[in-house]
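Numbering (the working numbering), first residue to last: 3 to 422.
Below: the structure, in structure tokens.
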RNA sequence: GCGGACGUAGCUCAGCUGGUUAGAGCGCCGGUUUGUGGUACCGGAGGUCGCGGGUUCAAGUCCCGUCUUCCGCCCCA
């Protein structure tokens, strides 16, 4: 087995895998549609500045975790590592900041140069939703409720819990961060090596450190709650009231943070324990500063993204394929009639297939292997009489019918099957 | 980027302390006298044991390197 392999961290989606992906995407598209969201599709690559700008100076991510390359024209391009920055760019370049709110759904591949693990790939796929325009906390609640509904429609609501936090507005968060840096600096030597580095450029991340050494310090670290100004506190209260109104249950987790400055207020993650350390399945927050960083006017926005691979892995059973009907002619003359029957069935909306070769027995085997629900058999006798044999492959019952009656007989029979 | 585990037929795996032509189950293909599948029986194809180097009379089995996958860490927009 020396065949060519796909690039590290990439996968082919075939059969059940692809069906799981498609089911996640279609379900999310349908549910977000119920909330009035429309789908956008943006390019899978952008000028590097689109993503670099949104990331600010978190140099690690920009230099090491993005698929960046120079094209033949000398432009620096980057395969999109996430969806939100590109949506904001599209909002600005299409002048849609003039027609708010925008309710956007998207789905597609994303690319990050990371070490692969289960549920973490270099090309992976996300669904996402962005609500751009409203600054009211009820909008946040609605967007979170929509996420909850997507998970519910996928049948995995019981697999995940919603963890919720607030980052406050810029003023509150800045005050809090200053206090955190002060606190951790005072205990610098007790911090883990990693966290000492974090203290320099991303102090909030110390709060979700996994190092044992950090845990004790974190417990006594100052809480944002003490630094929330009145406006932020009101927003936080209204958000939780809104969630109650939408019937969304959650647990508050003060350790959910975001590293970048354009985030504010709401932040949340739907988490499962079933996927090891890659358990965040759908996450988001409010990013009131991002559209402005893209060169647009200051525009409030809230959104989330979910990993299709991870969601697909949580699905109980893979979505079923529709069982086809196998049309089986015997002899060259019957084949001609068979083609007519195929056409008849397909135009009636029935999934129908015919093998290109083989005797009756062979074709019956094929039909069975293909998971066909029925076989339509046309032999010399039937050809002469203008009839066909309709055989139900699950119970083996067979009846002689007229071709014109096939479509209605099949749809009745299939409905009956679904009910059992 | 750091640490660890794994890698034998399409799939799941067996192969004792290195020793003749590398096995099983499932799957696949064919047959059991040709107008009927799913069960049963019979037969067959398919592996340079991830790749490269080394030790040895001899390596799937030991050593080194490399790649992939998986588990943690870093990162998580």
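Every residue, glycine too, gets a C-beta built ideally from N, C-alpha and C.
Burial state of residue i (16 or more Cβ within 10 Å)
{"i": "residue 399", "result": "exposed"}
{"i": "residue 118", "result": "exposed"}
{"i": "residue 139", "result": "buried"}
{"i": "residue 316", "result": "buried"}
{"i": "residue 407", "result": "exposed"}
{"i": "residue 100", "result": "exposed"}
{"i": "residue 363", "result": "exposed"}
{"i": "residue 306", "result": "buried"}
{"i": "residue 167", "result": "buried"}
{"i": "residue 410", "result": "exposed"}
{"i": "residue 412", "result": "buried"}
{"i": "residue 16", "result": "exposed"}
{"i": "residue 199", "result": "exposed"}
{"i": "residue 376", "result": "buried"}
Alpha-carbon to alpha-carbon, residue j and residue i
{"i": "residue 255", "j": "residue 71", "result": "38 Å"}
{"i": "residue 352", "j": "residue 378", "result": "12 Å"}
{"i": "residue 142", "j": "residue 285", "result": "12 Å"}
{"i": "residue 89", "j": "residue 34", "result": "16 Å"}
{"i": "residue 213", "j": "residue 205", "result": "15 Å"}
{"i": "residue 387", "j": "residue 404", "result": "9 Å"}
{"i": "residue 248", "j": "residue 56", "result": "31 Å"}
{"i": "residue 123", "j": "residue 111", "result": "11 Å"}
{"i": "residue 233", "j": "residue 291", "result": "17 Å"}
{"i": "residue 180", "j": "residue 144", "result": "32 Å"}
{"i": "residue 187", "j": "residue 163", "result": "34 Å"}
{"i": "residue 246", "j": "residue 115", "result": "39 Å"}
{"i": "residue 151", "j": "residue 277", "result": "21 Å"}
{"i": "residue 269", "j": "residue 159", "result": "19 Å"}
{"i": "residue 157", "j": "residue 137", "result": "31 Å"}
{"i": "residue 381", "j": "residue 336", "result": "6 Å"}
{"i": "residue 85", "j": "residue 244", "result": "26 Å"}
{"i": "residue 357", "j": "residue 344", "result": "11 Å"}
{"i": "residue 108", "j": "residue 81", "result": "16 Å"}
{"i": "residue 252", "j": "residue 293", "result": "28 Å"}
{"i": "residue 228", "j": "residue 52", "result": "35 Å"}
{"i": "residue 65", "j": "residue 48", "result": "16 Å"}
{"i": "residue 79", "j": "residue 46", "result": "10 Å"}
{"i": "residue 348", "j": "residue 354", "result": "6 Å"}
{"i": "residue 422", "j": "residue 236", "result": "Since pLDDT at residue 422 reaches only 47, below the 50 mark, its modelled position is unreliable, and no value is offered."}
{"i": "residue 402", "j": "residue 384", "result": "8 Å"}
{"i": "residue 3", "j": "residue 19", "result": "Here residue 3 scores only 40 on pLDDT, less than 50, and its place in the model is too uncertain to base an answer on."}
{"i": "residue 12", "j": "residue 127", "result": "11 Å"}
{"i": "residue 287", "j": "residue 266", "result": "8 Å"}
{"i": "residue 329", "j": "residue 340", "result": "6 Å"}
Span of the alpha helix (DSSP H), counted from its first residue to its last, around residue i
{"i": "residue 342", "result": "334 to 349"}
{"i": "residue 139", "result": "139 to 155"}
{"i": "residue 102", "result": "That residue, residue 102, is in no alpha helix (DSSP H); it is neither H nor E in DSSP."}
{"i": "residue 316", "result": "310 to 316"}
{"i": "residue 402", "result": "Unbroken run through residue 402 is the beta strand (DSSP E), 400 to 403; no alpha helix (DSSP H)."}
{"i": "residue 258", "result": "Note, residue 258: premise wrong, no alpha helix (DSSP H); not H, not E."}
{"i": "residue 370", "result": "362 to 371"}
{"i": "residue 386", "result": "382 to 387"}
Where the beta strand (DSSP E) through residue i begins and ends
{"i": "residue 120", "result": "It is not in any beta strand (DSSP E) - residue 120 carries neither H nor E in the DSSP assignment."}
{"i": "residue 158", "result": "That residue, residue 158, is in no beta strand (DSSP E); it is neither H nor E in DSSP."}
{"i": "residue 2", "result": "Missing from the structure shown is residue 2; the chain here goes from 3 to 422 and no further."}
{"i": "residue 271", "result": "266 to 273"}
{"i": "residue 357", "result": "Note, residue 357: premise wrong, no beta strand (DSSP E); not H, not E."}
{"i": "residue 133", "result": "125 to 134"}
{"i": "residue 283", "result": "282 to 288"}
{"i": "residue 293", "result": "Run containing residue 293: none in the beta strand (DSSP E); it sits in the alpha helix (DSSP H), 292 to 295."}
{"i": "residue 165", "result": "163 to 168"}
{"i": "residue 391", "result": "390 to 394"}
{"i": "residue 328", "result": "327 to 331"}
Presumed contact (8 Å Cβ cut-off) between residue i and residue j, rounded CB distance
{"i": "residue 312", "j": "residue 283", "result": "5 Å"}
{"i": "residue 106", "j": "residue 42", "result": "5 Å"}
{"i": "residue 289", "j": "residue 300", "result": "That belief does not hold up - the Cβ atoms of residue 289 and residue 300 are roughly 12 Å apart, past 8 Å."}
{"i": "residue 274", "j": "residue 165", "result": "So it is not a contact: roughly 11 Å between Cβ atoms."}
{"i": "residue 314", "j": "residue 129", "result": "In fact, because the Cβ distance is near 11 Å, the residues do not count as touching under 8 Å."}
{"i": "residue 374", "j": "residue 346", "result": "Not really, about 17 Å apart at Cβ, beyond 8 Å."}
{"i": "residue 223", "j": "residue 209", "result": "7 Å"}
{"i": "residue 104", "j": "residue 135", "result": "6 Å"}
{"i": "residue 219", "j": "residue 189", "result": "6 Å"}
{"i": "residue 342", "j": "residue 121", "result": "That pair is no contact at about 49 Å."}
{"i": "residue 193", "j": "residue 259", "result": "Incorrect: roughly 16 Å between the Cβ atoms, too far for contact."}
Distance cut-off 8 Å: residue i Cβ against heavy atoms of the ligand MN
{"i": "residue 358", "result": "The ligand content of the structure shown is nil, which means the ligand MN is not present either."}
(message) Going residue by residue through the segment 188 to 256, where are the continuous alpha helix (DSSP H) segments of at least 4 residues, counting only ones entirely within it?
(response) 195 to 203, 214 to 221 and 232 to 247
(request) Would you list, in sequence order, the uninterrupted alpha helix (DSSP H) runs of no fewer than 4 residues that lie entirely inside the segment 13 to 82? (result) 18 to 36, 50 to 57 and 61 to 66
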